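Heads up, the thing below is written out as structure tokens.
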Amino acid sequence: MRNFFAFCALVLAFSVISSAAPASSGAVKNASSTKIYGAIEAKEGFVGGRLFDVLDSVGGSGTWMEWDVNGVRDPSVMKVLDPLLNSSNKPKMIWAITEREKPLLSVLLPKGMGEVIVFYELGSLDAKPVQLKLNKVLTPDVVFRDYRQVSETEFVHLDRPNLKIFASDKLIRFTYDNPDKTPLRYDPDFAKKTIVDKRAEVNDYLGFLKYEYSMMLRAFVQSTRGIFNWQPWHWYMDKWNSKFMITPKEIEMILSKGIRPDYITVFKAKASGGEVVEMRTTGNGFLEMVVTRP
592 MRNFFAFCAL VLAFSVISSA APASSGAVKN ASSTKIYGAI EAKEGFVGGR LFDVLDSVGG
652 SGTWMEWDVN GVRDPSVMKV LDPLLNSSNK PKMIWAITER EKPLLSVLLP KGMGEVIVFY
712 ELGSLDAKPV QLKLNKVLTP DVVFRDYRQV SETEFVHLDR PNLKIFASDK LIRFTYDNPD
772 KTPLRYDPDF AKKTIVDKRA EVNDYLGFLK YEYSMMLRAF VQSTRGIFNW QPWHWYMDKW
832 NSKFMITPKE IEMILSKGIR PDYITVFKAK ASGGEVVEMR TTGNGFLEMV VTRP
């Protein structure tokens, strides 16, 4: 296991307050597209699951994604965070959610003997796309914080035992196994269909594979910390991922064979250090992400 970590080291009661802004509020107000959305205070701190109850009550059915201090920095986010990170009252945790008209940033801050979550509505998440790379990793306790180690090379997620990681000096392999009752169907007569019918079926498969991709992001990228330079939300953005995603033409070629492939590669990118990141699915509830080094 030392070899893998050497590899990683190289590559890898509440009250709603309408005006409870931290000291940075003046700087934030100067950004016309950013505004304070609100705040929720816990006078004795957010105990147990109350923190995530509060986040869910504000975020609804969306998914909060944790901001990575070592990741690419969106200017809109840093207009909020720079004053906080340079103050004595530094944030404890930071998240963003994008499944709404405008992104929302939440910042957990100390306040007296308790804590406060301040929410900021952003105009957009506006970092320019950069090449994917694997970050240097300070400690495996950060990378696999949500996992328990079961052997020298294997880790199992604390809440989802069907989510696993195999790690060696040559690769990191994530797997999530949740078999579907109705496997993805492949029509043996697809090649005989009209152009219109083919296009409609390809679009259906494209939608399904995009959903599978989002599942892989939640299971693999968002369950670890500090491996990649992209923030979790960058993986969802077309301007960041479009060059690496499966295309309609590739889907049509798969369907034209009329037989079920062992895997479909949905995303494949070469990182700046030569590492290859590949996400693929069987279409039957088995998802995989493999990071290999040259």
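If you count by this note's numbering, then the sequence shown holds residues 592 to 885, one letter each, in order.
By construction, the Cβ of each residue, glycine as well, lies at the ideal position given by its N, Cα and C atoms.
Model, not experiment: these values are computed from the prediction.
State the beta-bridge partners of A758 as determined by DSSP.
-> Its beta-bridge partners are I763.
CA nearest to the CA of I708, picked from E690, G629 and T689 | The residue with the shortest Cα to Cα distance from I708 is G629.
Taking the CB atoms as reference points, tell me whether V747 and V741 lie closer together than 7 Å.
-> Contact: yes.
Under the assumption that L749 contacts R739 (Cβ atoms under 8 Å), give the Cβ distance between them as a whole number of angstroms.
-> In this structure, L749 and R739 form a Cβ contact; the two beta carbons are roughly 6 Å apart against a cut-off of 8 Å.
Have a look at K861 and P720 and give me their C-alpha separation to the nearest angstrom.
-> P720 has its alpha-carbon roughly 15 Å from the corresponding atom of K861.
Under a three-way DSSP split, which group does R641 fall into?
-> Helix, per DSSP.
Determine, using beta carbons only, whether N820 and V638 come nearer to each other than 7 Å.
-> Their beta carbons are not under 7 Å apart, which means N820 does not touch V638 by this criterion.
Tell me, please, which residues DSSP counts as bridged to A791.
-> Per DSSP, none; premise fails for A791.
Spatially closest choice to F710 from A687, I818 and D717, by CA coordinates | The option with the nearest alpha carbon to F710 is A687.
Using DSSP bridges, identify the partner residues of V663.
-> Per DSSP, none; premise fails for V663.
Could you have a look at E706 and say whether DSSP puts it in helix, strand or coil?
-> Three-state result, E706: strand.
DSSP puts D768 in a beta bridge; with which residues?
-> Per DSSP, F877.
Between A758 and G817, what straight-line distance do the alpha-carbon atoms span, to the nearest angstrom?
-> C-alpha separation (whole angstroms): 15 Å.
For the beta strand (DSSP E) that contains W686, what are its first and last residues?
-> Membership of W686 in the beta strand (DSSP E) is indicated by the continuous run M684 to I688.
Closer than 7 Å by C-beta to P852: which residues in its own chain qualify, once you throw out the five before and the five after it? Chain order, please.
-> Answer for P852: I845, listed in chain order.
Under 7 Å between C-beta atoms of T856 and E869 | Yes, these two residues count as a Cβ contact at 7 Å.
In terms of alpha-carbon separation, which member of P731, F643 and R884 lies closest to V698?
-> Restricting attention to P731, F643 and R884, the CA atom closest to the CA of V698 is found in F643.
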